[in-house]
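A short worksheet on the structure shown next.
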Amino acid sequence: MRKRLIPIIVVLILLVGCMGISQSESASHSKHKSLLTEKNQNGELFTSLAPVLTEIDITAIGDLLIHSRVYEDAEVDGGYDFRPMLQSVESYLKSSTITIANQETITGGAEIGLSTYPSFNSPYELADNLKEVGVDLVTMANNHTLDRGEEAIQNAITHYEEIGMKYTGSFKDKEDREKIRVIETDENISVAFLSYTYGTNGIPVPEGKDYLVNLIDEQRIKADVKKAEKLADVTVLSYHFGNEYERMPNGYQKELAQFASDLGVEVVIGHHPHVLQPIDWIEGKNGNHTLVAYSLGNFLSGQDKLYRRIGGIFQFKVEKKVDQKSESIRIHTPAFLPTFVQYEMNGGRMTNFAVLPFHEVTEEQLPDHQVKWDEIKAHMSQWVPDLTILK
């Protein structure tokens with residue numbers, strides 16, 4: 001994320017309010033903030049704020065599901081290095097103003113023992129490398145959050161704080177839980193991030209410590225969104241939901257996305273199915289439109305079935321317009337880069353993992369590559385025909 005600059009000139013303070021969005025110029029729906037005015041020497045009301053149009057890009061990637069075969073492949077002298085696996089997509093992650101990732105496996109560190117399915121724990125170096133390739137925030141609420149207990153969660157959060165990685169969905173204490181994660185940008189656009197999961201694989205949340213993982217609870221979500229809307233221009237809400245390996249969203253996913261849209265959430269990003277599900281625009285009860293990615297699939301994992309190796313990089317733009325009377329927010333130009341987890345088989349062992357842009361995959365790496373490329377493009381854009389497919 002580009003660092004926020006400190007303005008020298010004192011600007012007028014903006015009143016806090018809600019913003020609307022649209023999926024196109026022709027179907028624009030915006031709520032506005034009124035601006036404070038002052039009186040000049042003649043007693044006339046005025047505002048010195050000239051019309052300004054700013055814009056940022058936000059990127060989201062899917063599940064980081066680090067099986068033992070992945071972290072063993074990343075092992076180097078004295079630790080682990082995942083950067084070679086990510087170098088082919090690094091430019092896409094670094095190019096956006098804000099990049100977020102779903103950290104499916106807790107990064108509790110090697111000190112408590114690394115582990116794989118069904119109870120995951122990943123090395124700290126994974127977080128370091130994500131930070132180095134451009135990730136600004138990780139969502140932590142998922143069905144594996146409690147896999148290795150509170151110790152792993154606290155270890156992960158401590159490390160995130162040490163390296164300056166923002167996180168949401170799992171927290172170190174009640175006070176931490178109440179702090180809505182907001183990223184401020186150079187362009188004077190602020191974005192709040194929320195994260196919730198359907199469950200924790202039957203592992204009970206420790207009594208009195210519900211801050212360790214955000215479960216999907218409509219009253220909690222409603223309260224959090226209300227706080228987020230007061231603190232930020234845009235709210236991005238991540239759900240860990242749906243059925244594993246199903247390529248279309250189920251009714252529950254659609255209901256929860258609609259619930260978020262009715263609350264005024266601008267963007268919903270889904271995880272958990274481990275396969276791609278389509279992008280969509282849905283309309284909230286107040287006429288607002290919400291951009292939804294029901295599932296971004298696996299970004300990096302050790303799963304070997306075809307569709308579980310196909311993930312993607314989801315991008316969209318946030319435009320903020322401020323004139324002498326109001327300000328408005330618009331989400332527009334959703335775009336998607338399909339990705340593919342490439343690996344080699346050496347002596348029955350999966351090695352040389354790499355996340356590749358799908359258009360760079362060769363016929364040798366994936367037979368009938370072009371047919372599958374066309375299928376994925378059609379699958380992701382079936383509800384948004386003008387979805388931009390990146391190359």
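Every letter in the sequence shown is one number past the one before it in UniProt numbering, and letter 182, counting from 1, is 182. Ideal placement from N, C-alpha and C gives every residue a C-beta, glycine not left out.
* To do: For R177, I'd like the list of residues in its chain whose CB is within less than 6 Å of its CB, leaving aside the five on either flank, ordered along the chain.
  => Taking the sequence shown and counting its residues from 1, one reaches residue 177 at position 177. Only F171, Y211 meet the Cβ criterion.
* If we count the other Cβ atoms within 10 Å of its Cβ and call it buried at 16 or more, is T362 buried or exposed? -> In the sequence shown, the residue the question calls residue 362 occupies position 362. Per the 10 Å Cβ criterion, exposed.
* Asked: Excluding sequence positions up to five away, which residues of its chain have a Cβ less than 6 Å from the Cβ of V182?
  -> Along the sequence shown, one-based indexing puts residue 182 at 182. When the five nearest sequence neighbours on each side are left out, the beta carbons in the same chain lying within less than 6 Å of the beta carbon of V182 are those of S190, A192, L231, A232, in order along the chain.
* To do: Excluding the 5 residues preceding and the 5 following P118 in the sequence, name in chain order all residues of the same chain whose CB lies nearer than 8 Å to its CB.
  => As a working note, residue 118 is residue 118 in the sequence shown. Cβ within range, chain order: D147, N201.
* **Range of the contiguous alpha helix (DSSP H) that encloses A378** => Locating residue 378 in the sequence shown gives position 378, where the first residue counts as 1. Note, A378: alpha helix (DSSP H), 369-381.
* Kindly provide the ranges of any beta strand (DSSP E) runs that are 3 or more residues long and lie completely inside the region 278-352, ordered along the chain. => 289-296, 298-301, 310-322, 326-346
* If you run the structure through DSSP and keep just helix, strand and coil, what is K391? -> In the sequence shown, residue 391 corresponds to position 391, counting from 1. Of the three classes helix, strand and coil, the one that applies to K391 here is coil, per DSSP.
* Asked: What separation, rounded to the nearest whole angstrom, lies between the Cα atoms of Q103 and G297?
  -> Start at 1 with the first residue of the sequence shown, and residue 103 comes out as number 103. Start at 1 with the first residue of the sequence shown, and residue 297 comes out as number 297. Computed Cα separation, rounded: 12 Å.
* **Candidates H67, K131, G149, Y80, of which the one nearest I98 by Cα** => Reading the sequence shown from its first residue, position 98 is the one you call residue 98. If we check each option's Cα against that of I98, K131 comes out closest.
* To do: Output yes or no for whether 7 Å exceeds the beta carbon distance between I376 and P338.
  => Counting from one through the sequence shown, the residue named residue 376 turns up at place 376. Counting from one through the sequence shown, the residue named residue 338 turns up at place 338. Result yes, Cβ atoms of I376 and P338 sit closer than 7 Å.
* How would you call A378, buried or exposed, if buried means at least 16 neighbouring beta carbons within 10 angstroms? -> The residue you call residue 378 lines up with position 378 of the sequence shown. Per the 10 Å Cβ criterion, exposed.
* Asked: According to DSSP, is R177 helix, strand or coil?
  -> Your numbering for residue 177 matches position 177 in the sequence shown. Correct three-state label for R177: helix.
* State the Cα-Cα distance for the pair S301 and S326, rounded to the nearest angstrom. => To locate residue 301, count along the sequence shown from 1; it is residue 301. To locate residue 326, count along the sequence shown from 1; it is residue 326. Rounded to whole angstroms, S301 to S326 spans 46 Å at the Cα level.
* Alpha-carbon spacing of E161 relative to V236, whole angstroms -> Stepping through the sequence shown from its first residue, residue 161 is reached at position 161. Stepping through the sequence shown from its first residue, residue 236 is reached at position 236. Taking the straight line from one Cα to the other gives about 21 Å.
* State the DSSP-derived secondary structure class of A156, mapped to helix, strand or coil. => Along the sequence shown, read from residue 1 onward, the residue named residue 156 stands at position 156. Helix at A156.
* To do: Would you check if the distance between the CB atom of T105 and the CB atom of F120 is smaller than 7 Å?
  => Taking the first residue of the sequence shown as position 1, residue 105 is located at position 105. Taking the first residue of the sequence shown as position 1, residue 120 is located at position 120. Yes, these two residues count as a Cβ contact at 7 Å.
* **CB contact below 7 Å: I279 versus chain D** => Absent from the structure is chain D; it holds one protein chain and no more.
* **Among E207, G169, L276, I313, nearest to S91 - alpha-carbon criterion** => Here residue 91 refers to the residue found at position 91 of the sequence shown. Out of E207, G169, L276, I313, I313 has the C-alpha closest to the C-alpha of S91.
* Please classify residue 445: is it buried, with 16 or more other beta-carbons within 10 angstroms of its beta-carbon, or exposed? => Summary: the structure shown does not reach residue 445, with the chain confined to residues 1 through 391, and so no result is reported for it.
* **N- and C-terminal bounds of the alpha helix (DSSP H) containing G208** => Working through the sequence shown from its first residue, we reach residue 208 at position 208. Where G208 is concerned, there is no enclosing alpha helix (DSSP H), given that its DSSP letter is neither H nor E.
* What is the C-beta distance between F316 and V355, in whole angstroms, given that I count them as a contact (C-beta under 8 Å)? -> The residue labelled residue 316 in the question sits at position 316 within the sequence shown. The residue labelled residue 355 in the question sits at position 355 within the sequence shown. Contact flag wrong, Cβ pair sits at about 20 Å.
* To do: Between the Cα of T54 and those of I61, K321, A156, spot the shortest distance and give me the residue it belongs to.
  => Indexing the sequence shown from 1 puts residue 54 at position 54. Taking only the C-alpha atoms, the option nearest T54 is K321.
* If you check the beta carbons only, do L263 and V225 fall under 7 Å apart? -> In the sequence shown, counting from the first residue as 1, residue 263 sits at position 263. In the sequence shown, counting from the first residue as 1, residue 225 sits at position 225. Going by C-beta atoms, L263 is nearer than 7 Å to V225.
* Can you tell me where the beta strand (DSSP E) with A60 in it begins and where it stops? -> Position 60 of the sequence shown holds residue 60. Segment 52-65, the beta strand (DSSP E) holding A60.
* Skipping 5 residues on each side, what residues in its chain have a beta carbon closer than 6 Å to that of E187? -> Taking the first residue of the sequence shown as position 1, residue 187 is located at position 187. Once the five neighbours on either side are set aside, the close Cβ partners of E187 are T54, I56.
* Asked: If we ignore side chains and look at the alpha-carbon of each, how far apart do A141 and H359 end up?
  -> Numbered from its first residue, the sequence shown carries residue 141 at position 141. Numbered from its first residue, the sequence shown carries residue 359 at position 359. Roughly 31 Å between the two C-alpha positions.
* Please report how far the alpha carbon of K305 lies from the alpha carbon of G208, in whole angstroms. => By 1-based counting over the sequence shown, the position of residue 305 is 305. By 1-based counting over the sequence shown, the position of residue 208 is 208. About 40 Å.
* At 4 residues or longer, and completely inside the region 227-272: list those alpha helix (DSSP H) runs for me, N to C. => List check, alpha helix (DSSP H) in window: 251-262.
* alpha helix (DSSP H) containing S91: first to last residue? -> Working through the sequence shown from its first residue, we reach residue 91 at position 91. Looking at the DSSP string, the run of the alpha helix (DSSP H) that includes S91 is 90-94.
* Exposed unless 16 or more other CB atoms sit within 10 angstroms - verdict on S95 -> Reading the sequence shown from its first residue, position 95 is the one you call residue 95. S95 comes out exposed.
* To do: Return the bridge partner residues of P357 from the DSSP annotation.
  => Start at 1 with the first residue of the sequence shown, and residue 357 comes out as number 357. In the DSSP output, where bridge partners are listed per residue, P357 has T339.
* Expressed to the nearest angstrom, what Euclidean distance is found between the alpha-carbon atoms of L194 and Q324? -> Your numbering for residue 194 matches position 194 in the sequence shown. Your numbering for residue 324 matches position 324 in the sequence shown. Each residue's Cα considered, the two are about 32 Å apart.
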